[in-house]
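J.:
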Amino acid sequence: MAKNRGNICNFDCGDFVLWSRIDKRLQGNKLLVRWVGPFRITSALSHSFMVQHLLTNDEYEVHGSRLKHYSDADLNVTEELRQHIANQGIVLGVRANVDHRYDEAAGEWQLYIAWRGLDDSENSWEPFASIYSDVPALVRSYVQTYGRSVLESLLQ
Numbered sequence: 004m005a006k007n008r009g010n011i012c013n014f015d016c017g018d019f020v021l022w023s024r025i026d027k028r029l030q031g032n033k034l035l036v037r038w039v040g041p042f043r044i045t046s047a048l049s050h051s052f053m054v055q056h057l058l059t060n061d062e063y064e065v066h067g068s069r070l071k072h073y074s075d076a077d078l079n080v081t082e083e084l085r086q087h088i089a090n091q092g093i094v095l096g097v098r099a100n101v102d103h104r105y106d107e108a109a110g111e112w113q114l115y116i117a118w119r120g121l122d123d124s125e126n127s128w129e130p131f132a133s134i135y136s137d138v139p140a141l142v143r144s145y146v147q148t149y150g151r152s153v154l155e156s157l158l159q
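Per our numbering, residue 4 is the first one in the sequence shown, and the count goes up by one each step.
Here it is as structure tokens:
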């Protein structure tokens, strides 16, 4: 019975693959799967593969079911491809906490975040817990400075 579950993943060292990642930023507890990469296969383990990021050379262990073949080892990694990869992993810094609200649909407190390097038109509502875990000092300062007593219980 177990033989019939799924397909055997066959990647060779040096092959390029895409990695299926879950983007949790959607509202309403929805998940979005995105294919990111390409990454280079560096080794095969019993049920997973080691993949290497082409810009940072960081290595990750990824289950084979989360990988999709992109190209064999003959891929020419051009500057254009490197730029594409760099744009996938943009890490934004929090510039400021602008506002807060309780989102009934999501069942959570959220902060309205202004992002470094982006216009105010691109501010977004983010889960309080997520922002607090990333930048606790900034969130504490927002809560204390503006007397947001309703949020003080979340500072733990």
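We put the beta carbon where it would ideally sit given N, CA and C, even for glycine.
Following the continuous beta strand (DSSP E) through R143, name the residue where it begins and the one where it ends.
T.: Counting along the chain, R143 falls outside any beta strand (DSSP E), though it belongs to the alpha helix (DSSP H) covering P139 to T148.
J.: Could you say if the segment 63-79 and the segment 101-119 meet the contact criterion of at least three C-beta pairs nearer than 8 Å?
T.: The segment 63-79 vs the segment 101-119: no contact.
J.: With distances taken from CA atoms, which of V142, E155 and E82 is nearest V97?
T.: Selected option, being the one with the closest Cα: V142.
J.: Return the first residue and the last residue of the alpha helix (DSSP H) that L70 is part of.
T.: L70 -> not in any alpha helix (DSSP H); beta strand (DSSP E) instead, spanning L70 to S74.
J.: On the DSSP bridge assignment, give the partners of L57 in chain order.
T.: The partner list for L57 (beta bridge, DSSP) is empty, contrary to what the question assumes.
J.: Going straight from the alpha carbon of Y149 to that of L114, what length do you get?
T.: One C-alpha to the other measures close to 13 Å.
J.: Is it right to say V153 is buried, meaning 16 or more other beta carbons lie within 10 angstroms of its own, or is it exposed?
T.: By the neighbour-count rule (16 or more Cβ atoms within 10 Å), V153 is not buried but exposed.
J.: Just reading off the alpha helix (DSSP H) that S152 is part of, what are its end residues?
T.: First-last of the alpha helix (DSSP H) with S152: S152 to E155.
J.: S46: which of L57, E62 and V39 sits nearest, CA to CA?
T.: Out of L57, E62 and V39, E62 has the C-alpha closest to the C-alpha of S46.
J.: Between the beta-carbon of D123 and the beta-carbon of A132, is there less than 8 Å?
T.: For D123 and A132, no; Cβs fall outside 8 Å.
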